[in-house]
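Please read the structure below before turning to the comments.
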Amino acid sequence: MAKVNIGLDAELVVEVMVLAGVGSPQDAVEVVVRDYIARGHRTEARVGLEVRGRRETESKPQEQQG
């Protein structure tokens, strides 16, 4: 996998290290990025299910009331 070097504020990285419970700045940032990506996938899946559910509801013929 390709590597990217970036500069971040040290206080920010230390806070992430503490919250994530990891001892390496690189590992801490990697944990945050992976979590962000996973949340995005979960959100996409949830929204996709809602949209599919609405489509199925809209496509079913409505029962006549009377």
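Numbering (the working numbering), first residue to last: 202 to 267.
Idealized CB from N, CA, C, for every residue including glycine.
Asked	Found
Anticipated Cβ contact below 8 angstroms, P226 with V214, distance rounded	5 angstroms
Buried/exposed call for A203, threshold 16 Cβ in 10 Å	exposed
Among V248, D236, Y237 and E231, nearest to N206 - alpha-carbon criterion	E231
Cβ neighbours of G224 in the same chain (closer than 8 angstroms, five flanking residues each side left out)	M218
Cβ-Cβ separation, A229 to A221 (assumed contact under 8 angstroms), whole Å	5 angstroms
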